[in-house]
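Each protein sequence line maps, in turn, to chains E and Y.
For the working numbering, count along the first sequence from 1 and bump the result up by 216.
For the working numbering, count along the second sequence from 1 and bump the result up by 14.
Glycine included, each C-beta is placed from N, C-alpha and C at the ideal position.
One structure is given below, encoded as structure tokens.
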Amino acid sequence: MKYTFRILRFDPLKAESPYFQDFIYETEETKTTLEALMDIRNEQDCSLAFRYSCREAICGSCGMVINGRFELACRTMIDSLKSSVIVIEPLPNLEIQKDLVVDMEPFFETVRKIQPYVFPEGEVLDKGYRIEDKEMERIFQYINCILCGCCYSACPVASRDERYLGPAALAKLYRFVRDPRDKRPFSEWSKVNTEGGVWGCDTVFKCNEVCPKDVRPADGIEALRRKLVLEKTKRLFRLKR
Amino acid sequence: MEDYAASSMELAPRDIVARAIQTEIDNGNGFESQYVHLDLRHLGERKIKKRLPGIREISINFAGLDPIDTPLPIQPAQHYSMGGIDVDIHCASRVEGFYAAGECACVSTHGANRLGGNSLLETVVFGKIAGEEAAHWVKGSSGLKDEEKHLLDAALEVKKKIEERQKREAGEKVHRLLSRLKLIMSDQVGLFRNKKDLAQALEMIGELRQDYQRVFISGKCLRFSQELVNIIEFESMLDLAEVITLGALNREETRGSHYRLDFKERNDKDWLKHTLVALKDGKPQISYKEVQITKYEPKARQY
Numbered sequence: 217m218k219y220t221f222r223i224l225r226f227d228p229l230k231a232e233s234p235y236f237q238d239f240i241y242e243t244e245e246t247k248t249t250l251e252a253l254m255d256i257r258n259e260q261d262c263s264l265a266f267r268y269s270c271r272e273a274i275c276g277s278c279g280m281v282i283n284g285r286f287e288l289a290c291r292t293m294i295d296s297l298k299s300s301v302i303v304i305e306p307l308p309n310l311e312i313q314k315d316l317v318v319d320m321e322p323f324f325e326t327v328r329k330i331q332p333y334v335f336p337e338g339e340v341l342d343k344g345y346r347i348e349d350k351e352m353e354r355i356f357q358y359i360n361c362i363l364c365g366c367c368y369s370a371c372p373v374a375s376r377d378e379r380y381l382g383p384a385a386l387a388k389l390y391r392f393v394r395d396p397r398d399k400r401p402f403s404e405w406s407k408v409n410t411e412g413g414v415w416g417c418d419t420v421f422k423c424n425e426v427c428p429k430d431v432r433p434a435d436g437i438e439a440l441r442r443k444l445v446l447e448k449t450k451r452l453f454r455l456k457r
Numbered sequence: 015m016e017d018y019a020a021s022s023m024e025l026a027p028r029d030i031v032a033r034a035i036q037t038e039i040d041n042g043n044g045f046e047s048q049y050v051h052l053d054l055r056h057l058g059e060r061k062i063k064k065r066l067p068g069i070r071e072i073s074i075n076f077a078g079l080d081p082i083d084t085p086l087p088i089q090p091a092q093h094y095s096m097g098g099i100d101v102d103i104h105c106a107s108r109v110e111g112f113y114a115a116g117e118c119a120c121v122s123t124h125g126a127n128r129l130g131g132n133s134l135l136e137t138v139v140f141g142k143i144a145g146e147e148a149a150h151w152v153k154g155s156s157g158l159k160d161e162e163k164h165l166l167d168a169a170l171e172v173k174k175k176i177e178e179r180q181k182r183e184a185g186e187k188v189h190r191l192l193s194r195l196k197l198i199m200s201d202q203v204g205l206f207r208n209k210k211d212l213a214q215a216l217e218m219i220g221e222l223r224q225d226y227q228r229v230f231i232s233g234k235c236l237r238f239s240q241e242l243v244n245i246i247e248f249e250s251m252l253d254l255a256e257v258i259t260l261g262a263l264n265r266e267e268t269r270g271s272h273y274r275l276d277f278k279e280r281n282d283k284d285w286l287k288h289t290l291v292a293l294k295d296g297k298p299q300i301s302y303k304e305v306q307i308t309k310y311e312p313k314a315r316q317y
């Protein structure tokens, strides 16, 4: 099969605008988009820049837009695209550092902000902190997040409002708040009771649509909203009594 | 698997399962002479979805097959490096202030065949120890003699090499060298080893080292250059490939995943010891370290 890879090229250090460059790529084998990109880089242009690491859809490094769809390049078979022209662009709404490499720092910062680790309570247990199967099943969906940034990049709110924490971070926060081992105080996690937090979401569900791991981050945002309202109400009644 | 590990079957240690698969393929019993099938269908949809969601996802993404309905094509591949930088129980190497943990290190918990799941031990236990010990060392140390000068000299040397390779108009491309090294290591230093292949592999690694001297950077922009990363990494890969091959050639016995067709038995009398390799005058030099046996005596592996 003969393919045309139309790849967005850009080097912000050069006085040039982003442009598409065509690479002709021929292969008889079943290849992933990442393998094709690596072959193109090796054989045609060693300066072509893109990120990758695990090659098995667990590290989240190779998120990009392939023929208009947010995808991980490593798990997208080129024959599955059913097109001889394959257009590849970097994740939108993040600064391009070079070609398909974007600055992920604003995204990682949102994840750091929600303190993505368990807040245990009391003495450290020798046996470790146990969790029941059924509790685990409730948060499993959110644990699948591999921080590829696709949802953040696709989110219309995150793209216009830099205060907004975005889908991945909020869904991750819900994952911890819902975890029975996590005892973070309400005063801590209720900081997302703002327009930059859970109320920023426009519920257009772009995140659910693009997530390559079926995390459905918007489910987490909605659940967090409900939990927030519930906790607020509880506190209100406690206060009155 | 009945012929290979009658009581453990598919749950036998991975070195045994890997050799069994390759033996069947080599004997002409594989599909398309390349792979065998792993059949998970008897587990049923519920169990596969609950217990093996990751495996299922990989199968669907990469092979386009759902293990609930279809057997999976499988073949052996390199997965984990046993052995590594020789460190003690505090993750300290012989170089003062240099700590290592994880797959690059060898605390000697795995022996010649790491058991499934035991890589967690590296991250959870020894990752923590290495971090704590290194921090402890930094706080308690007044620093090494001329440490800044040594670091600077080393950095300048790397910089000089990069500049030289960038100036070249032609030469070897690193990805071609890398492909050659991969083939040597899987074909001749892989699942089944013998003296002839290993000795030849050593020579071929030597040739690669010669060719590597002529490596050049073809992309002129070094920002986010994977080519540059590969070039720097490749030099270390050559060293490691040589050490692994040398150790395998030298160890005339079979132990764990090190399987010698010309020495099929384990030989505790001569080889119950660690092989250590250090660089001396630019050449790798072999020495040995005794195995510390505590609670469990070594015994024959029966599965």
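Under 8 Å from the C-beta of Lys350/E: neighbouring residues of chain Y
For a Cβ distance threshold of 8 Å, nothing in chain Y lies close to Lys350/E: the least Cβ distance comes to about 12 Å.
Shorter than 7 Å from the beta carbon of Lys298/E to some beta carbon of chain Y?
So, not an interface residue.
Using alpha carbons as the reference points, say which of Val121/Y, Ala215/Y, Arg65/Y and Lys209/Y lies closest to Met352/E.
Out of Val121/Y, Ala215/Y, Arg65/Y and Lys209/Y, Arg65/Y has the C-alpha closest to the C-alpha of Met352/E.
Which residue marks the beginning of the alpha helix (DSSP H) containing Gln224/Y, and which one marks its end?
Run containing Gln224/Y: Lys209 to Tyr226, per the alpha helix (DSSP H) assignment.
Please say whether Leu290/Y and Lys12/Y have beta carbons closer to each other than 7 Å?
No information on residue 12/Y is available, as it lies outside the stretch 15 to 317 that chain Y covers here.
Examine chain Y for any beta-carbon lying closer than 7 Å to the beta-carbon of Ala273/E, and answer yes or no.
By this cut-off, Ala273/E is an interface position.
Beta carbons nearer than 9 Å to chain Y: which residues of the stretch 308 to 325 of chain E have them?
For the stretch 308 to 325 of chain E, the residues whose beta carbon sits under 9 Å from a beta carbon of chain Y are, in order, Gln313, Lys314, Asp315 and Val317.
What are the boundary residues of the beta strand (DSSP E) that includes Pro298/Y?
It spans Lys297 to Glu304 - the beta strand (DSSP E) in which Pro298/Y sits, taken as one unbroken run.
Considering only C-alpha positions, which residue in the set Leu197/Y, Arg194/Y, Ile231/Y and Ala168/Y is nearest to Arg182/Y?
Here the closest residue by C-alpha is Ile231/Y.
Collapsed DSSP secondary structure at Gly125/Y in the structure displayed
In the displayed model, Gly125/Y falls within coil according to three-state DSSP, outside both helix and strand.
Ignoring anything shorter than 3 residues or poking outside the stretch 16 to 90 of chain Y, list the beta strand (DSSP E) runs there in chain order.
If we require 3 residues or more, the beta strand (DSSP E) runs fully inside the stretch 16 to 90 of chain Y come out as 50 to 52 and 86 to 88.
Put Gln92/Y into one of helix, strand or coil per three-state DSSP.
DSSP, reduced to helix, strand and coil, places Gln92/Y outside both helices and strands of the structure shown, so it counts as coil.
Taking its Cβ as the centre, do 16 or more other Cβ atoms sit within 10 Å of Lys316/Y, making it buried, or is it exposed?
Note that residue 316/Y corresponds to Gln in the displayed sequence, not to Lys. Per the 10 Å Cβ criterion, exposed.
His189/Y: contacting residues in chain E (beta-carbon distance under 7 Å):
Chain-order list of chain E residues neighbouring His189/Y: Asn258, by C-beta distance under 7 Å.
Consult DSSP for Thr243/E and reduce its assignment to one of helix, strand or coil.
Coil.
Can you list, in chain order, the residues of the stretch 164 to 197 of chain Y whose Cβ is nearer than 7 Å to any Cβ on chain E?
Answer in chain order: His189.
Other residues of its chain near Lys429/E: CB distance less than 7 Å, five sequence neighbours each side excluded:
For Lys429/E, where only same-chain residues beyond five positions count, the Cβ hits under 7 Å are Asn360, Cys361 and Ile362.
Which same chain residues end up closer than 7 Å to Gly233/Y when comparing Cβ atoms and leaving out the 5 residues on each side of it in sequence?
Correct list, in chain order: Ser239 and Glu241.
Please confirm whether Ala252/E has its beta-carbon closer than 7 Å to some beta-carbon of chain Y.
No, Ala252/E does not count as interfacial toward chain Y.
Quick check: the Cα distance between Leu455/E and Leu250/E, rounded to an integer number of angstroms?
Taking the straight line from one Cα to the other gives about 57 Å.
Where Phe356/E sits in the DSSP three-state scheme:
In the structure shown, Phe356/E sits in a helix (DSSP, three-state: H, G or I).
Start-to-end residues for the alpha helix (DSSP H) that takes in Phe238/Y:
That residue, Phe238/Y, is in no alpha helix (DSSP H); it is neither H nor E in DSSP.
Reduced DSSP secondary structure (H/G/I, E/B, other) of Cys417/E
Looking at Cys417/E - three-state DSSP - the assignment turns out to be coil, as it is neither helix nor strand.
Every unbroken beta strand (DSSP E) inside the stretch 262 to 294 of chain Y [3 residues or more]
Within the stretch 262 to 294 of chain Y, the complete beta strand (DSSP E) runs of at least 3 residues are 287 to 294.
Please classify Lys350/E as buried or exposed, where buried requires at least 16 neighbouring CB atoms within 10 angstroms.
With fewer than 16 other Cβ atoms inside 10 Å of its own Cβ, Lys350/E counts as exposed.
Mark Asn258/E as exposed unless 16 or more other C-beta atoms lie within 10 angstroms of its C-beta, in which case mark it buried.
A buried status is given to Asn258/E, since no fewer than 16 other beta-carbon atoms sit within 10 Å of its beta-carbon.
Beta-carbon of Ala265/E versus every beta-carbon of chain Y: anything under 7 Å?
So yes, Ala265/E belongs to the interface.
So Ile312/E packs on Pro401/E, CB below 8 Å; how close in whole Å?
Wrong, their Cβ atoms sit about 40 Å apart, outside the cutoff.
Is Gly279/E near Leu307/E, with beta carbons less than 7 Å apart?
With contacts defined as CB atoms closer than 7 Å, Gly279/E and Leu307/E qualify as a contacting pair.
Looking at the unbroken beta strand (DSSP E) that takes in Tyr390/E, where does it start and where does it end?
Taken as a continuous stretch (DSSP letters only), Tyr390/E belongs to no beta strand (DSSP E), being part of the alpha helix (DSSP H) at Pro383 to Val393.
Rounded separation between Glu425/E and Arg432/E - CA only
Between the alpha carbons of Glu425/E and Arg432/E lies a gap of roughly 8 Å.
Chain-order list of residues whose beta-carbon lies under 8 Å from that of Pro336/E (same chain, five-residue window excluded):
Beyond the five residues adjoining it in sequence on each side, Pro336/E comes within less than 8 Å, by CB distance, of Tyr345, Arg397, Asp398 and Lys399 in the same chain, given in chain order.
My understanding is that Glu117/Y touches Tyr94/Y, with C-beta atoms under 8 Å, so please give their C-beta distance in whole angstroms.
Indeed they touch by this definition, with Cβ atoms about 6 Å apart.
Three or more beta-carbon pairs under 8 Å between the stretch 294 to 302 of chain Y and the stretch 129 to 149 of chain Y, yes or no?
Touching, no, given that fewer than three Cβ pairs across the two stretches are closer than 8 Å.
Taking 7 Å as the CB-CB cut-off, is Gly116/Y touching chain E?
Not an interface residue.
Using 7 Å as the threshold, is the C-beta distance between Gly412/E and Arg379/E below it?
Cβ atoms of Gly412/E and Arg379/E: closer than 7 Å.
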